[in-house]
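The sequence shown begins at 1 in this note's numbering and counts up by one.
Glycine included, each C-beta is placed from N, C-alpha and C at the ideal position.
A quick write-up on the structure given underneath.
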Amino acid sequence: MTLFRFIGLCATAVVLTHSSPAQAVPTGAQICKKMISDGRANGQTQQQCLCRHAAADSVLDDDIKTLLFDAWYTGTNNMAALEALPNPRRVQKQMRSLSRKIKKTCS
1 MTLFRFIGLC ATAVVLTHSS PAQAVPTGAQ ICKKMISDGR ANGQTQQQCL CRHAAADSVL
61 DDDIKTLLFD AWYTGTNNMA ALEALPNPRR VQKQMRSLSR KIKKTCS
C-alpha cells in the first residue's frame with residue numbers, strides 16, 4: 001500500500017490550521033466519533049478507529065501526527081502539507097511503519 005493510498009483510506013488530508021490557545025486538541029475518542037458520524041470512517045467502528053489512532057500516536061512524529069489527526073477530525077485535505085514536510089522519506093517510512101502496526105494490532 002502506498003503512502004498516499006494509505007492516507008487516502010485513513011482520511012482525506014488537511015491543511016494545517018492554527019488553533020487559538022483556548023481551543024483544546026480533540027481526543028482520539030472525539031476524532032473517531034466525528035469521523036464516523038460524518039461518514040468518513042470507511043466502515044470502521046469506534047473501537048477500530050481508536051486502535052488506529054493509538055497506533056498512529058505511538059508511531060508517528062508529532063508533525064505528521066498533527067496533520068493526520070487534523071485530517072481525520074476535519075475531513076479536509078492536507079496532502080500538500082504532508083508532502084511539504086522536511087525529509088519526505090521520513091514521512092513515507094513512518095506511514096509504512098504505521099500500516100504494519102495497524103495490520104498487526106488492529107485486525
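For Val91 against Ile64, the beta-carbon gap comes to about 6 Å, under 8 Å, which counts as contact. Within the segment 24–61, no run of beta strand (DSSP E) reaches 3 residues while sitting entirely inside it.
Between Ala55 and Gly28, the gap from beta carbon to beta carbon reaches 8 Å or more.
Between the alpha carbons of Ser58 and Ser97 lies a gap of roughly 10 Å. Taking one beta carbon from each stretch, the segment 76–85 and the segment 35–45 have fewer than 3 pairs nearer than 8 Å; the two do not touch. Contact annotation: Cys49 and Met35 have beta-carbon atoms nearer than 8 Å. A straight line joining the alpha-carbon of Arg100 with that of Trp72 spans about 19 Å. Counting every other CB atom within 10 Å of its CB across the protein chains shown gives Asp62 a total below 16, marking it as exposed.
If you check the CB distance, Gln94 and Leu60 come in under 8 Å.
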